[in-house]
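To keep things clear, I will list the structure first and then write my remarks on it.
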Amino acid sequence: NIIKRKNINLGMAAALGDGNLIVPVIKNADQLNLVGMSKAVNDLASRARNNQLKPDDIQGGTYTVTNVGTFGSIMGTPIINQPQVGILALGAIRKVPAVIETPDGDFIGIRYKMFLSHSYDHRVVNGALGGQFVKAVSDYLEAWDINREI
1 NIIKRKNINL
11 GMAAALGDGN
21 LIVPVIKNAD
31 QLNLVGMSKA
41 VNDLASRARN
51 NQLKPDDIQG
61 GTYTVTNVGT
71 FGSIMGTPII
81 NQPQVGILAL
91 GAIRKVPAVI
101 ETPDGDFIGI
111 RYKMFLSHSY
121 DHRVVNGALG
131 GQFVKAVSDY
141 LEAWDINREI
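For the record, in the sequence shown the residue sitting at position 109 is 109 according to the numbering used here, with numbers rising by one throughout.
Given below as structure tokens:
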């Protein structure tokens, strides 16, 4: 059975000092602004690393984000945390040569780039929707505005 959740509870993979990983959950993440999201991430990561999470802190996730770039990896292939249907891996942000298109012609310049790897359950999310989601995230990040509402 497919269960449609009304809340967006974002799991965030957190590396622990002993090499293990835990996924605390930011409840109702869609209701938070950038400051609120930052506070929730920092709080959960700190409590995870200090072994202070409660069972409720790691339950109820509807989607997970993992930052493989923390360790310098340019990309990773994340595995879905069941019963969720998707997970997004963020690679390291690197300076790379890129074609820059201008009205006066193209030229090679240095741009910051990163890979996004999105794994999703095709029984629930078809390839077109999954691809559109990654494109939307990419567009959002490329047009980043610190003052924009999330």
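Idealized CB from N, CA, C, for every residue including glycine.
On a Cα-Cα basis, can you pick out the residue from the options that is closest to residue i?
i: G61; options: Q82, G76, P78; result: Q82
i: L116; options: G105, Q132, I26; result: Q132
i: S73; options: L90, A136, I3, G19; result: L90
i: V96; options: H122, Q84, Y112; result: Y112
i: V134; options: G86, A92, A98, R94; result: G86
i: N147; options: K6, L10, L34; result: L34
i: N67; options: Q59, D57, I79; result: I79
i: M75; options: N126, R94, S38; result: R94
i: R49; options: K39, G69, L16, Q59; result: L16
i: D139; options: A45, I8, M114; result: M114
i: F71; options: G19, K6, D43, I3; result: G19
i: I3; options: L129, R123, E142, G105; result: R123
Any idea if residue i is buried or exposed, counting beta-carbon neighbours within 10 angstroms, 16 or more meaning buried?
i: V65; result: buried
i: Y63; result: buried
i: A29; result: buried
i: V99; result: exposed
i: A14; result: buried
i: A128; result: exposed
i: A40; result: buried
In chain order, what residues of the same chain have a beta carbon less than 8 Å from the beta carbon of residue i, not counting five sequence neighbours either side?
i: T77; result: A89, S117, S119
i: R47; result: P24, L53, D57
i: A10; result: Residue 10 is actually Leu in this sequence, not Ala. Counting only Cβ-Cβ distances below 8 Å, and skipping sequence neighbours, we find V25, I26, A29, G61, T62, Y63, T64, V65.
Output needed for residue i: all residues of its chain with C-beta closer than 7 Å, excluding positions within five of it in sequence on either side, in chain order.
i: G109; result: A98, I100
i: V125; result: V85, G86
Closer than 6 Å by C-beta to residue i: which residues in its own chain qualify, once you throw out the five before and the five after it? Chain order, please.
i: L44; result: P24
* Secondary structure, beta strand (DSSP E): runs of 3+ residues fully inside the stretch 33-76 -> 63-67
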